[in-house]
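Chains as they are written, first to last, in the working numbering: chain A, 1 to 310; chain B, 1001 to 1310; chain C, 2001 to 2310; chain D, 3001 to 3310.
We treat Cβ as the ideally placed atom computed from N, Cα and C, and that holds for glycine.
Report on the structure given below.
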């Protein structure tokens, strides 16, 4: 259970307050505001704040004095046009802020999206919690043979059990020795008065990469779509993909028209190379074409056949 | 008067609507939301949307589950500490969106702040309004002799009048010929059926740099402070400084504790060089020091004496 | 002729010098280094400096201690893989710096690519040259009827002549009055001692958007490819497209393997939406499908048919 | 010794090659190009490539056709003027690329400088080396009492020895189990044929934050100065400060005039707040002032007295 009782109380207190605003407001997102969506064994994603809605995209594209919207169908059409033709700036006019709890090795991938604003819980100032990620057995998989960057089938049960034992024992020892070196409890009080304690900025180096960290992460809608299209992709590591999937749920609530266009033009479609386009034209014309004649590599050819469902 | 009646109606309509929200809300900023603050002869700045408040800075710095704030004095102290020690990320957790109408030559300086999100009214799609900037006589000044990048005393009245005549006549002719080349009225209807019209993306090149454009401009609080400290500075061109001044008024309403710290640590203080610091130490010790002995150039020396009020 | 004799002499002098370096060096690009490629009537693009080559992309992808390259075919394959799978960071490891002379209205589009480094010639410090862009008659076109953002057929010859006269006269008057208001010659000497001159930062507002400016523009290879794919596109305004076309020539000299992959995966292919992919699958299967049955708008359908060459 | 023999051979081979170039070239930096400077127990920094020199800053500020430089003293003066007045864009015209080997917890601080380009060695693709950071005993220190973010005195020898034992044992176990779970040797060959191996992207989570990673890191000179002023500062953690110190050595070789100005205006001087400036003025005027009368907090007052050497 990722949330402690005092944290839960803080969240409930924040949720219980409300105010009048003239700003664009999205009831479906307000409904879940501040509420953590569980991800992995101890992680979560929750929306902390947002700016704008579907209409704000339209309003910015039209540089309006007022709401700038027309009938829903016209707004939907404009949003689709903008996404299809790679107009990025209107989507930058919406902003969202998340609070995320995630394993450090996931945070290391995530942080490579440089356009976001980030405030991470600091192991220099504060003591980290004793929480680490352990995969479920079905997510413990062998190295993929077809893809150097990925995983294949699940491990046999006995091997999975052995791996989980190692991960658990090492993480527990790692934290036990971290706590020993710090020699202070959560409130900062010395535990063993007969010895000093190691500075927090040093002791933390003993923790392993499956320990959880947390951060506030804020981005605009354009960069959020980029993040989601890369991290919700089948090639992304499972442990970051589940965060992206949870965030797509918040996208649906926040900006439903943009989310619809995102599925149509960004994640539901396909990018064809020049050679692939030539192949597709020949296939439509009923001409026979195979991989050797296509000029494509075997790998690209099989990627294309997968896209075409053949 | 920069706002047309139909625009005013749109603004009033937007201001008349409100909704409940769980988000951080700032009544003082809500009060002026959407309302244009006049700048120069036809320009304005107005706040369109905002995310966060003083507490959001504190909350992010503490990576809180709830509001994250303590007593006002502690929050003030933390905000001052953060700004003094160049912690930038907590300030990135607040965001603001403006609608700005401004002369093109001002827009060309402004756009160099690359971290903002911008949607500009497009002269490729739309017809630009017949509005251009004319300085007031007291702002028509000679080139500065002490500063290659600036202006000195005002022009004599007869010269100022001559300059204003030239600027006005040239801008009017510029627009008249722009409209002639377009050969369409505001609604897109052809004016003279006996001839074609030039494409908008071409005709606009005839307009001069004092014509007004407008954009939606959105930025986080950290980058807003950078913008304001550079553009509200005495070295900034007057025509952009007045926009920065108007925006500082919105800063005061939005995040009063940050605005206070900004005055204390960013615009009210001074940066001393290594040599300047040595000079100051000697002066405090009561030692005599002059420019030649300081190792500073004459210009730097006089800049330092100005800072020290001597 | 865009280059003055003294500028030409400076360029020749720079070209005549050379030194030994251990850095990656590209002879084909060295050959044209510093040499202006003419664009439009007074503009140019020239390469001022570069960092890295095709191998630098490979070397970074492999985080190598040495050159990191293997056989050319393996390097080509890796570069194609990286571009196909949207790996952006290896391409950021190459950098190029251009000196560009361009009309202000083109500069205003160009500057929206925010990731580049830019140093523009300053009209606050310096006097701008009397050079403005006049389109050739065949590029003077009517507003497109099918595309709100673009141009259609060329103007009839008499109308084109009339437009050119207006553009020329207005630009000449604009500059004449700019020079009058400045009241100084190129060397900064007062022309008419009986009157003052207007500050440069003010006088420049009288110039129209077809006047030329110039800048140093530096970017990494990843962002250069983004720029080129958007600005060499058929939807880009002609006056910026010709700059992108000239820069693609420098890309071919600098990083031929990347340029080849760029044509294959970025500008030679096509992005299909989810609906378009369904249509393509049906067409390959020999099923009849038309626009109403496709769920696509007329405009999207005709865009797809154009892509498929039907 | 951080460099393996085959890596050393690759470096030597790269260093032995050279070519003619027309680009700005810096002999003092060429001298050390590719050579690793050791940092911490297994880390290093080495310059892989660079673009521009002191003159390139000047050339960009002047938007020159040729080298753009004048006499050294004028160039020095211009560079100092630019840095003093916060002109950032000319410094963005130089670029440098490093190869860095560093502990993961240092990499996590470093990566927060978002404007750089980074290619990190990937634990999804590749097996990480068995190398981890152990502080020297004198750098094992207690938590600072005056600064929540830092360290104080060194630990007593017996405690330091105990801490080092824990860090070493945990890291060794961590890697042993990582290798066991992978079940493959460096060449990718299965070690124990009777069982599968865990995917690399999963196994890596067992490594602790003191393990070394490596990356190519490329940035422009402006952002490098920002990085160095923050990370070479006394408040930065020791383990990142030693990297910044090594990089300042490369700065001195690369752009000596900029390095000189950097010491004068960025790291050798001081930022005074509005209140601090008032205090300094009073002290110079010989007036008595103490902390309570200054309106400054005790902490700020003591920071100011430290700056003034009192």
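Answer yes or no: do residue 3119 of chain D and residue 2061 of chain C have a C-beta to C-beta separation smaller than 8 Å? Yes, they are a contact pair.
Strictly under 8 Å for the Cβ-Cβ distance: is residue 212 of chain A near chain B by that measure? No, because no Cβ of chain B sits closer than 8 Å to the Cβ of residue 212 of chain A.
Between the Cα of residue 1296 of chain B and those of D:3077, D:3213, D:3127, D:3033, spot the shortest distance and give me the residue it belongs to. Measuring C-alpha to C-alpha distances from residue 1296 of chain B to each of D:3077, D:3213, D:3127, D:3033 identifies D:3077 as the nearest.
Return helix, strand or coil for residue 3153 of chain D, following the three-state DSSP convention. Residue 3153 of chain D: strand per DSSP, three-state reduction.
Residues near residue 1253 of chain B in its chain [Cβ-Cβ closer than 8 Å; skip 5 each side]: Sequence-distant partners of residue 1253 of chain B (beyond 5 residues in either direction) whose C-beta falls short of 8 Å from its own C-beta, in its chain, are 1026, 1028, 1029, 1031, 1032.
Could you say if the region 2002-2020 of chain C and the region 3004-3012 of chain D meet the contact criterion of at least three C-beta pairs nearer than 8 Å? Counting Cβ pairs under 8 Å, fewer than three are found: no touch.
In the DSSP assignment, the alpha helix (DSSP H) including residue 1222 of chain B goes from what residue to what residue? Here the alpha helix (DSSP H) through residue 1222 of chain B covers 1221-1231.
Within chain C, the residues that residue 276 of chain A reaches when beta carbons sit closer than 7 Å: Chain C residues near residue 276 of chain A: 2269.
Residue-chain proximity (residue 3281 of chain D, chain B), Cβ-Cβ < 8 Å: Judged by the 8 Å Cβ criterion, residue 3281 of chain D is in contact with chain B.
Sequence-distant residues of the same chain with beta carbon closer than 8 Å to residue 137 of chain A, five excluded per side: Sequence-distant Cβ neighbours of residue 137 of chain A in its own chain, meaning closer than 8 Å and more than five residues away, are 154, 155, 157, 160, 161, 164.
Taking 8 Å as the CB-CB cut-off, is residue 3024 of chain D touching chain C? Closer than 8 Å to some Cβ of chain C, the Cβ of residue 3024 of chain D qualifies, so yes.
Simplified DSSP assignment, three categories, for residue 2049 of chain C: DSSP, reduced to helix, strand and coil, places residue 2049 of chain C within a strand of the structure shown.
Using a Cβ-Cβ cut-off of 8 Å, state whether residue 3078 of chain D counts as contacting chain B. No, residue 3078 of chain D lies away from the interface with chain B (no Cβ there is under 8 Å from its Cβ).
Among residues of its own chain, excluding the 5 on either side of residue 2245 of chain C, which ones have a beta-carbon nearer than 7 Å to its beta-carbon? Taken in chain order, the residues that qualify are 2232.
Name the chain A residues that come within less than 8 Å of residue 2265 of chain C, Cβ to Cβ? Contacts between residue 2265 of chain C and chain A, judged by CB atoms closer than 8 Å, involve 271, 273, 274 in chain order.
Count the other C-beta atoms from every protein chain shown that fall within 10 angstroms of the C-beta of residue 234 of chain A, then say buried if there are 16 or more, exposed otherwise. Residue burial is scored here from C-beta neighbours: residue 234 of chain A has fewer than 16 other C-beta atoms within 10 angstroms and is therefore classed as exposed.
Tell whether a beta-carbon distance below 8 Å holds between residue 1043 of chain B and residue 1238 of chain B. Not in contact: residue 1043 of chain B and residue 1238 of chain B (Cβ atoms no closer than 8 Å).
By Cβ distance below 7 Å, which residues in the same chain neighbour residue 2134 of chain C in space, the five residues on each side in sequence not counted? Correct list, in chain order: 2041, 2164, 2167, 2168.
Mapping the DSSP letters down to three states, classify residue 3089 of chain D as helix, strand or coil. Under the three-state reduction of DSSP, residue 3089 of chain D is assigned to helix.
Cβ distance (whole Å) where residue 371 of chain A is taken to contact residue 218 of chain A below 8 Å: The displayed coordinates of chain A run from 1 to 310. Any statement about residue 371 of chain A would go beyond what the structure contains.
Burial state of residue 2059 of chain C, where buried means 16 or more other Cβ atoms lie within 10 Å: Buried is the call here.
Determine the extent of the alpha helix (DSSP H) in which residue 1143 of chain B is found, giving its start and end residues. Segment 1141-1143 is the beta strand (DSSP E) holding residue 1143 of chain B; no alpha helix (DSSP H) there.
Would you list, in chain order, the members of the region 185-213 of chain A that have their beta-carbon closer than 7 Å to a beta-carbon of chain D? For chain D, the residues of the region 185-213 of chain A that bring a beta carbon within less than 7 Å of one of its beta carbons are 195, 196, 197, 198, 199, 200, 201, 202, 204, 205, 206, 207, 208, 209, 210, in chain order.
The alpha helix (DSSP H) spanning residue 3306 of chain D covers which residue range? Residue 3306 of chain D -> alpha helix (DSSP H) spans 3298-3307.
Boundaries (first-last residue) of the alpha helix (DSSP H) holding residue 1256 of chain B: Segment 1256-1262, the alpha helix (DSSP H) holding residue 1256 of chain B.
Identify whether residue 2059 of chain C lies in helix, strand or coil by the three-state DSSP scheme. Annotated three-state conformation of residue 2059 of chain C is helix, per DSSP.
Residue 3005 of chain D, buried or exposed, once every other Cβ within 10 Å from all chains shown has been counted against 16: Sixteen is the threshold: since fewer than 16 other Cβ atoms of the shown chains lie within 10 Å of the Cβ of residue 3005 of chain D, the residue is exposed.
Using the three-state DSSP reduction, which class does residue 2031 of chain C fall into: helix, strand or coil? Reduced to three states, the DSSP call for residue 2031 of chain C is coil.
Which one or two residues does DSSP pair with residue 3103 of chain D in a beta bridge? According to DSSP, residue 3103 of chain D shares a beta bridge with D:3212.
Interface residues of chain A around residue 1291 of chain B at Cβ under 9 Å? Under the 9 Å cutoff, chain A gives no residues; its nearest Cβ is about 44 Å from residue 1291 of chain B.
Let me see if you follow: with CB-CB separation under 8 Å, is residue 33 of chain A close to chain B or not? Yes, because at least one Cβ of chain B sits closer than 8 Å to the Cβ of residue 33 of chain A.
Where DSSP assigns a beta bridge to residue 217 of chain A, which residues make up the other side? Listed as beta-bridge partners of residue 217 of chain A by DSSP are A:98, A:118.
Could you tell me if residue 1286 of chain B is buried or exposed, where buried requires 16 or more neighbouring beta carbons within 10 angstroms of its beta carbon? Looking at its Cβ environment, which holds fewer than 16 other Cβ atoms inside 10 Å, residue 1286 of chain B is exposed.
Just to check my reading of the structure: residue 3308 of chain D and residue 1282 of chain B have Cβ atoms closer than 8 Å, yes? What is that Cβ distance to the nearest angstrom? Contact doesn't hold; Cβ gap of about 11 Å is too wide.
Please report the residue range of the alpha helix (DSSP H) in which residue 3283 of chain D lies. Looking at the DSSP string, the run of the alpha helix (DSSP H) that includes residue 3283 of chain D is 3274-3284.
For residue 3093 of chain D, the nearest candidate out of C:2048, C:2178, C:2124, C:2036 (CA to CA): Residue 3093 of chain D has its Cα closest to that of C:2048, out of C:2048, C:2178, C:2124, C:2036.
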